[in-house]
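Protein sequence lines, in the order shown, are assigned to chains R and Y.
The first sequence begins at 1 in our numbering and counts up by one.
The second sequence begins at 199 in our numbering and counts up by one.
Structure first, commentary second.
Number of protein chains: 2
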Amino acid sequence: MSKVYTAASMSLDGFIADSSGGGFEHLFRWHGNGDVEVATAQPDRKLRLSAASAAHLREQLDNTGALVVGRRLFDMTGGWGGNHPFGVPVVVVTHRAPEGWPREGAPFTFVTDGIESAIAQARGIAGDRWVGVSGGSIARQCLDVGLLDEIQVELVPVLFGGGVSFFGALKGAPVELVGPTVVEDTDVTHLKFQVRRD
Amino acid sequence: MSKVYTAASMSLDGFIADSSGGGFEHLFRWHGNGDVEVATAQPDRKLRLSAASAAHLREQLDNTGALVVGRRLFDMTGGWGGNHPFGVPVVVVTHRAPEGWPREGAPFTFVTDGIESAIAQARGIAGDRWVGVSGGSIARQCLDVGLLDEIQVELVPVLFGGGVSFFGALKGAPVELVGPTVVEDTDVTHLKFQVRRD
């Protein structure tokens, strides 16, 4: 069944980047610490994961039918060169479509009328498959309007002491969650929470 | 073997209290959601835990030989009425011993020459048993001077969106951890990390 989820690698103290905007050598160590190769839609971007993390990530890759991302993430990654590693259509939430976009052969849609419209369009694309949302500020907007079903935290054993919070301030706080289901692995613990609806 | 550990119930976004200084009905739901009674040193303070959490908490209660706490926590709790629930000697880190303390029959020591002295005194009291430190600011001071061995996070499935961080800013960030070991239970996931020493 379709669902809207977000996923991020996060330090134990709740940060998805450190105070300098980095720290990725800690947060994504689990992307390269194993011997199971996981291909992405970008030929030169193969991950080498341990078995449990490979199964976890393949579940995301296999089930995600569309992504909703923020403009900041789109710009930071240079629009993933027109080809997101997940290999699925990407809906970008922005105030104005960037110069030179959309491009032929690159399945990127630019939505300028807000998060609810973006999720609706992504659901239409994904059909029965999942809609993934990132980064944190887009996930927060989804939570704030009640559109987020699931939070996947790849919990990394490091303390940053400051940085970019995964969620930041929330309109509907406290937000109660259900779970998590836990997958333990080296350098990461995969935690999957459902957003409580009652 | 003796070790210095800290433990706290924490929201998924890293807070041990919400923005109003509360949120304890979420953070400590696991203290009352089961049918295994765990007695503390305070006769009127019994916890009702589920089996896995009871075993986890009993391990803390059975192995802790002394506590180091900050003055804020001491004042907040009114010095636990002279009897900490753990039933062990308590070393209070403060600038000046409070009025009316120390008291006959209450095993509280007031240390005014800093965290390292407080830990040394607590180690002397605890012998082969563990030294527990709380709250967050005392744990942070221990981390900053390399005296913390273990971090126990009782991870609670809630997002506060803001509040009191468990650790806050850290001098030695990033602080790498090893683990966690995981105990899954209802309303809480017990995570135990070792502080990396190499």
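Just so you know, even glycine gets a beta-carbon here, dropped at the ideal spot from N, CA and C.
Remember, it's a predicted structure, so these values are computed and weren't measured experimentally.
Can you tell me which of the three DSSP states H84(R) falls into? Coil, per DSSP.
Suppose you measure from the CA of W80(R) to the CA of R45(R); what does that come to, to the nearest Å? 11 Å
What are the boundary residues of the beta strand (DSSP E) that includes H190(R)? 188 to 195
Between which two residues does the beta strand (DSSP E) holding Q350(Y) run? 348 to 354
Tell me where the alpha helix (DSSP H) around R140(R) begins and ends. 136 to 144
Taking buried to mean at least 16 other C-beta atoms within 10 Å of its own C-beta, is D113(R) buried or exposed? Label assigned to D113(R): exposed.
Mind checking whether G34(R) and A55(R) have CB atoms under 8 Å apart? no
Tell me which same chain residues have a C-beta within less than 6 Å of the C-beta of P287(Y), skipping the five on either side of it? A264, P305, I323
Strictly by DSSP, which residues pair up with F108(R)? DSSP, once it has assigned bridges, lists V90(R) as partnering F108(R).
Whole angstroms is fine: what's the gap from V133(R)'s alpha carbon to Q339(Y)'s? 37 Å
Rounded to a whole number of angstroms, what is the C-alpha to C-alpha distance between P372(Y) and A237(Y)? 38 Å
How many Å lie between T181(R) and A239(Y) at the Cα? 34 Å
Taking 8 Å as the threshold (beta carbon to beta carbon), is G14(R) in contact with chain Y? yes
With S363(Y) and D18(R) assumed to form a contact (beta carbons below 8 Å), what rounded beta-carbon distance in angstroms separates them? Rounded, the Cβ-Cβ distance is 14 Å, inconsistent with contact.
From P240(R) to L57(R), what distance separates their C-alpha atoms? Any answer about residue 240(R) is impossible in this case: the structure gives chain R only from 1 up to 198.
May I ask which residues mark the beginning and end of the beta strand (DSSP E) holding G219(Y)? Counting along the chain, G219(Y) falls outside any beta strand (DSSP E), and DSSP gives it neither H nor E.
Taking Cβ-Cβ distances shorter than 8 Å, what residues in chain Y pair up with T6(R)? Those within 8 Å of T6(R) in chain Y number zero; the least Cβ separation is about 12 Å.
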